[in-house]
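Going left to right, the sequence shown walks through residues 1 to 289 as our numbering numbers them.
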Amino acid sequence: TVDAVRKQLKLSWNAVDGIMTRAVKRGLARIKKPLSARHMNVDEVAFKKGHRYITVISDRDGRALALTDDRGTESLAGYLRTLTDGQLLAIKTLSMDMNAGYIRAARIHLPSAVEKIAFDRFHVAKQLGEVVDKTRQNEHPHLPVESRRQAKGTRFLWQYSDKWMTESRQEKLMWLRAQMKLTSQCWALKELAKDIWNRPWSEERRSDWQRWLALAANSDVPMMKNAAKTIGKRLYGILNAMRHSVSNGNAEALNSKIRLLRIKARGYRNRERFKLGVMFHYGKLNMEF
């Protein structure tokens, strides 16, 4: 951090900050055109409490290519407008969560966007996991008293992956499924979606998802029906993610590093200093003299 370097070299905070600022400017000056990549990720990260964000555009290797303000349509659109026609055409995938602003920006400014937008599988899994958990919360109070007591504290049994599912947990989950029919129904749909994601890519995956959507649309749980509508509208991006084997995992890893950077620095004075710090550490710039 700036503070650690300042203490080690016995320099003022402004002196170290100035060195870092000039280094980033040198690195950026050596770049003749905006950075881009064939496979890119876009995600947001908070730089301060109170819903103050920056958008991070990165590549598969976890390099920050660009940082823009906020997390809306213009946050991504402004970056895409800086790219040349050749750079835009060279983009094969743009991985993201289902942020409506990012989707809108890509569909306006990225040629053949519907073939390139890829929705992160973990965002879809999280959405379905939330449906399971909310259904569980709604169903639990209506269980018989003894069943309600035994079902208390079992939230994570509905979320465990196979590697954490011991024999005793499996038996408990089977019992829960018999008691909580609506939650069980949502859980089964969540697990089926995960299974489809894990299958090797072929065009048959489109039919797999369409069958899943039909099952979810006929669910007895309104929240699952709503989730199915959202997934149905975004199916093109799910299929693109499967076809190209991409996710936002690298972007999430980079964002974790950025959040840690913010914590170590005990916050940043303003957004521009935050962006400068991110590019210094994760922009992989050539900052030599």
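Using N, Cα and C, we set each Cβ at its ideal position, and we do this for glycine too.
In the DSSP annotation of this structure, A118 is not part of any alpha helix (DSSP H); the continuous beta strand (DSSP E) holding it starts and ends at 117-119. Annotation: the continuous beta strand (DSSP E) that includes S58 extends over 52-59. By the C-beta criterion, the segment 191-198 is judged not to be in contact with the segment 166-182, since fewer than 3 inter-stretch pairs fall below 8 angstroms.
A contact between stretches requires three or more CB pairs, one per stretch, nearer than 8 angstroms, and the segment 21-35 meets this requirement with the segment 275-283.
Assignment of N99 by DSSP, reduced to helix, strand and coil, places it in the coil class. Annotation: K172 is outside any beta strand (DSSP E); the continuous alpha helix (DSSP H) that includes it extends over 167-179. Here DSSP, grouped into helix, strand and coil, assigns M40 to strand.
Pairing M98 with Q87, the inter-Cα distance amounts to about 24 angstroms.
Its Cα nearest to that of R107, the residue A77 stands out among Q210, A77, A46, V45.
By the CB criterion at 7 angstroms, A227 and L213 fall outside the cutoff.
In this structure, L235 lies away from W201, with their beta-carbon atoms at least 7 angstroms apart. Separation of R60 and R273 (C-alpha to C-alpha, rounded to the nearest whole angstrom) is 25 angstroms. Cβ-Cβ separation between L254 and V56: approximately 7 angstroms, consistent with a contact (criterion under 8 angstroms). Per the C-alpha coordinates, the member of L65, N14, E115 positioned closest to K33 is L65. Counting along the chain, T68 sits inside the beta strand (DSSP E) bounded by residues 64-69. When secondary structure is reduced to three states using DSSP, V16 falls in the helix class. Contact annotation: V132 and C186 have beta-carbon atoms nearer than 7 angstroms. The C-beta of A251 has 16 or more other C-beta atoms within 10 Å across all chains shown, which makes the residue buried.
Here T183 is near E139, since their CB atoms are less than 7 angstroms apart. A residue is called buried once 16 or more other Cβ atoms fall within 10 Å of its Cβ, and T68 is buried on that count. Closest option to I117, judged by alpha-carbon separation, among V45, G62, H39: H39. In the structure shown, K257 falls within a helical segment according to DSSP collapsed to helix, strand and coil. Comparing alpha-carbon positions, the option among L89, R81, E115, G129 lying closest to S95 turns out to be E115.
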